[in-house]
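Going by mature numbering (1 follows the signal peptide of the UniProt record, and there is no 0), the letters in the sequence shown line up with residues -17 to -1, 1 to 180, in that order.
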Amino acid sequence: MKTKSLLWIAVATVLMAACNSDYVVKPRGYFKIDFPQKAYQTFDQPGYPYTFEYPVYGKVIKDTLFFDRQPENPYWINIDFPQFNSRIHISYKDVQKNNFDSLVNDAFTMSYKQHTYKASAIEPEPFTTPNGVEGVYFTLKGNTATGNQFFATDTSKHFLRGALYFAATPNEDSLAPVNAFLKKDLQHLINTIQWKK
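This is the structure:
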């Protein structure tokens, strides 16, 4: 009986002593990302109706498959960023062969309809570049597959659409530094777009 009482007192003492320590919240950690130095090169391929500057740490690859089909035209490309496991999809359409309003509507639909259920906010921002290129830049907030999209046009002949995607499960917090880094590259790309005649 005395042994049981001593055992209960010992257990109670240990439990009470364990409860006196302060609880420390452990912060969620993410891997440190080493960003390369910003430097750009020109994309100016023969036959393509556009040129622009893109980062030297990106690799341009001709888009040969679009949902397991041939792309609509030969001017669709991807810019891959292997170190970030990301890609900018770039598609081009000739406004003279398509309805301009329909192209703009499709660009808004791709930014809104496909991402509204995951996005906490979608911010469209119209722009005009020093080269006279006009368009809209979309910043999508939340756990979306893409945080940055745009379309650029001259409204009469050329229509270029781009979207940055990550080959990872969307997590806004962990992707935020890379999104911010690549957003500057996207804006540089947009500001250097020039149309060929």
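All C-beta atoms in this analysis are idealised placements derived from N, C-alpha and C, irrespective of residue type, glycine included.
Query - Alpha carbon of TYR37 to alpha carbon of PHE133, nearest angstrom - result: 15 angstroms
Query - Distance CB(TYR148)-CB(SER69) smaller than 8 angstroms - result: yes
Query raised in the report: Given that a residue counts as buried once 16 or more other Cβ atoms are within 10 Å of its Cβ, and exposed if not, what is VAL161?
Result: buried
Query - Contact the segment 33 to 47 vs the segment 118 to 126: 3+ CB pairs below 8 angstroms - result: no
Query raised in the report: Does the beta-carbon of LYS76 have 16 or more other beta-carbons within 10 angstroms, so that it is buried, or is it exposed?
Result: buried
Report task. Output the distance between the C-alpha atoms of THR138 and LYS9, rounded to the nearest integer angstrom. Result -> 53 angstroms
**Report entry** Where ALA(-6) sits in the DSSP three-state scheme
**Finding:** helix
Query raised in the report: Is THR112 closer than 8 angstroms to ILE173 when the C-beta atoms are compared?
Result: yes
Query raised in the report: Between the C-alpha atoms of ALA(-8) and PRO19, what's the straight-line distance to the nearest angstrom?
Result: 59 angstroms
Query raised in the report: With a cut-off of 8 angstroms, does the C-beta of LYS124 fall near any C-beta of chain C?
Result: The structure shown contains no chain C; it is built from a single protein chain.
Report task. Please go through the same chain and pick out, in chain order, the residues whose beta-carbon is closer than 6 angstroms to the beta-carbon of residue 182, but skip the five residues on each side of it. Result -> Examination of residue 182 is not possible in this model, given that the chain is present from -17 through 180 alone.
Report task. Would you kindly report the start and end of the unbroken beta strand (DSSP E) that includes LYS45? Result -> 42 to 45
Query raised in the report: Where do the N-terminal and C-terminal ends of the beta strand (DSSP E) with TYR37 fall, by residue?
Result: 33 to 38
Query raised in the report: With 16 as the cutoff for other CB atoms within 10 Å, does THR152 come out buried or exposed?
Result: exposed
Query raised in the report: Expressed to the nearest angstrom, what Euclidean distance is found between the alpha-carbon atoms of PHE64 and ASN81?
Result: 31 angstroms
Report task. Taking only the alpha-carbon atoms, compute the straight-line gap between THR129 and LYS21 and give it to the nearest angstrom. Result -> 22 angstroms
Query raised in the report: Going along the chain, which residues of its own chain have a beta-carbon closer than 6 angstroms to the beta-carbon of ASP168, five neighbours each way excluded?
Result: PRO38
Query raised in the report: Buried or exposed: where does THR127 fall if 16 or more other Cβ atoms within 10 Å of its Cβ makes it buried?
Result: buried
Query - Nearest-angstrom Cα separation, counted from ASP17 out to TRP178 - result: 34 angstroms
Report task. Please work out which residues of its chain come closer than 6 angstroms, Cβ to Cβ, to THR122, disregarding the five sequence neighbours upstream and downstream, and give them in chain order. Result -> GLU106
Query raised in the report: Is ALA90 closer than 8 angstroms to ARG144 when the C-beta atoms are compared?
Result: yes
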